[in-house]
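Engineer: Got a structure for you, questions after.
There are 2 protein chains.
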Amino acid sequence: MLSRKTKYGLKALTYLAGQEKNVPIQISTIASDENISQKFLESILLQLKKAGYLGSKKGKGGGYYLLKTAEEVKIDNVYRILEGPISMVPCVSLNFYEKCDDCPDEKTCSVHRLMIQVRDNTLKIFEHTSIADLINKS
Amino acid sequence: MLSRKTKYGLKALTYLAGQEKNVPIQISTIASDENISQKFLESILLQLKKAGYLGSKKGKGGGYYLLKTAEEVKIDNVYRILEGPISMVPCVSLNFYEKCDDCPDEKTCSVHRLMIQVRDNTLKIFEHTSIADLINKS
DNA sequence: ATTATATCCTATAGATTTAGTAGAGTATGC
DNA sequence: GCATACTCTACTAAATCTATAGGATATAAT
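Chains as they are written, first to last, in our numbering: chain U, 36 to 173; chain G, 36 to 173.
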């Protein structure tokens with residue numbers, strides 16, 4: 036299941052991508068427009084800022100704005116920042132690899148290969164989708 | 036992330052699929068061979084039995100055995116029984132649909148379409164993979 | 001300068017889920 | 001009738017998720 040954190044993050048990025056570039060939007064505006072808890076959104080946007088995707092401005096007329104074009108913000112990166120590994124088991128993760136402590140050997144693990152397949156398919160979608168693709172065109 | 040429950044369940048089913056048919060295997064045997072907590076595995080196998088995938092026999096020489104052929108046990112079904120919805124958000128689930136309480140309208144949700152894509156791709160893999168495919172051939 | 005505004009940062013708390021444990025009950029085989 | 005092995009209920013510890021609280025810091029306007 037996708038966490039609310041990631042979902043909110045994607046929604047906020049999409050929201051910002053739909054605005055004029057480099058014009059700061061306040062957290063409170065995004066939060067109320069997208070039905071997101073403001074304080075929760077604060078921490079999410081801050082995290083996206085630290086990851087280099089958002090810029091911010093303090094004080095009146097301040098807020099957050101996209102530092103990249105909507106096309107540059109790929110879903111796989113956002114997902115890794117907010118949600119963590121895309122893989123369903125740590126032992127097939129490309130960016131967050133860890134040995135599964137219940138498996139003596141990955142080569143003999145029946146689940147391993149299956150999860151590589153799932154990872155590759157999900158990754159393909161996430162890598163080829165950007166925030167620009169999430170903007171509603173209706 | 037895949038829960039240990041589902042992972043253990045898949046491993047146990049694969050284990051049973053590798054045995055002679057209709058010969059009961061004890062929980063303790065599977066648990067020690069697959070490095071799984073016995074008590075935890077107990078509840079998992081019971082759940083798979085109630086779902087119609089396993090038969091059991093009590094007393095000496097008892098244990099669990101597959102009621103279906105390995106080819107008949109598809110991953111998508113096992114996943115739904117042990118893990119729940121395959122979808123990453125409830126609003127795109129085919130078998131466990133629920134409205135997302137933060138979304139006023141699914142049609143305007145930027146995440147909705149993306150998650151349908153992920154669901155369809157994962158589903159395709161799970162539907163076309165059976166326990167038979169998970170058996171190690173080395 | 002002072003005040004209002006809005007982000008930045010740390011800490012905490014309640015709810016839920018996960019993973020596992022304990023122990024008694026029930027059916028079966030010898 | 002005894003040992004064996006599944007069945008069932010209840011409970012617990014730890015982790016994670018979803019926030020909330022409140023002060024610190026930077027900026028803009030007056």
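Note that the Cβ used here is the ideal one computed from N, Cα and C, for glycine as well.
So, helix, strand or coil for G/K42, using DSSP?
Structural biologist: It is helical.
Engineer: Could you work out which residue in G/L158, G/N130, G/P120 and G/Q152 is closest to U/D168 when comparing CA atoms only?
Structural biologist: G/Q152
Engineer: Under 8 Å: do the stretch 124-140 of chain U and the stretch 87-94 of chain U share three or more Cβ pairs, one atom per stretch?
Structural biologist: no
Engineer: The stretch 121-140 of chain G: which residues have C-beta closer than 9 Å to a C-beta of chain U, in chain order?
Structural biologist: Closer than 9 Å at the C-beta level to chain U, one finds these residues of the stretch 121-140 of chain G: S122, M123, V124, P125, C135, D136, D137, C138 and P139.
Engineer: Determine the DSSP secondary structure at U/K92, reduced to helix, strand or coil.
Structural biologist: DSSP places U/K92 in strand when its eight states are reduced to three.
Engineer: My understanding is that U/E162 touches U/K103, with C-beta atoms under 8 Å, so please give their C-beta distance in whole angstroms.
Structural biologist: In this structure U/E162 is not in contact with U/K103, their Cβ atoms being roughly 15 Å apart against a cut-off of 8 Å.
Engineer: With DSSP as the reference, identify every bridge partner of U/I79, one or two as the case may be.
Structural biologist: Partner(s): none; U/I79 has no beta bridge.
Engineer: Please give me, in chain order, every unbroken run of the alpha helix (DSSP H) with length at least 4 that falls completely inside the stretch 99-134 of chain G.
Structural biologist: 110-117
Engineer: Considering Cα atoms alone, identify which of U/Y99, U/G44, U/Q73 and U/L76 is closest to U/V58.
Structural biologist: U/Y99
Engineer: If you drop the 5 nearest sequence neighbours on each side, which residues of the same chain put their C-beta closer than 7 Å to that of U/K45?
Structural biologist: The sequence given here places Leu at residue 45 of chain U; Lys does not occur at that position. Cβ neighbours of U/L45 beyond the five flanking positions: V113 and L169.
Engineer: If we ignore side chains and look at the alpha-carbon of each, how far apart do G/L158 and G/T49 end up?
Structural biologist: For the pair G/L158 and G/T49, the Cα-to-Cα distance works out to about 20 Å.
Engineer: What span of residues does the alpha helix (DSSP H) with U/H147 cover, start to end?
Structural biologist: S145 to E162
Engineer: Closer than 7 Å by C-beta to U/S38: which residues in its own chain qualify, once you throw out the five before and the five after it? Chain order, please.
Structural biologist: E118
Engineer: Just the Cα atoms here: how many angstroms apart are G/K74 and U/M150?
Structural biologist: 26 Å
Engineer: Distance, Cα to Cα, U/Y88 vs G/S78?
Structural biologist: 45 Å
Engineer: Can you give me the C-alpha to C-alpha distance between G/A47 and G/E106, rounded to a whole angstrom?
Structural biologist: 15 Å
Engineer: Which chain G residues sit within Cβ distance under 8 Å of U/V113?
Structural biologist: Simply none; closest approach about 11 Å.
Engineer: Give the DSSP-derived three-state secondary structure of U/S165 in the structure shown.
Structural biologist: strand
Engineer: Measuring straight from C-alpha to C-alpha, what distance separates U/L81 and U/G53?
Structural biologist: 19 Å
Engineer: Is there a Cβ of chain U sitting closer than 7 Å to that of G/K46, yes or no?
Structural biologist: yes
Engineer: Exposed or buried, G/E69, counting other C-beta atoms within 10 Å across all chains shown (16 or more means buried)?
Structural biologist: buried
Engineer: Which residue comes first and which comes last in the alpha helix (DSSP H) that contains G/I62?
Structural biologist: I62 to D68
Engineer: For U/A66, count neighbouring Cβ atoms within 10 angstroms of its own Cβ and tell me buried if that reaches 16, exposed if not.
Structural biologist: buried
Engineer: Could you check which residue in U/N156, U/K142, U/K85 and U/C138 has the C-alpha nearest to that of G/Y43?
Structural biologist: U/C138
Engineer: At 7 Å on the CB atoms, spell out the chain G contacts of U/A160, in chain order.
Structural biologist: It should be noted that the sequence gives Ile, not Ala, for residue 160 of chain U. Per Cβ cutoff of 7 Å: Q152, V153 and N156.
Engineer: With 7 Å as the threshold, decide whether the Cβ of G/K40 is near any Cβ in chain U.
Structural biologist: No, no contact with chain U.
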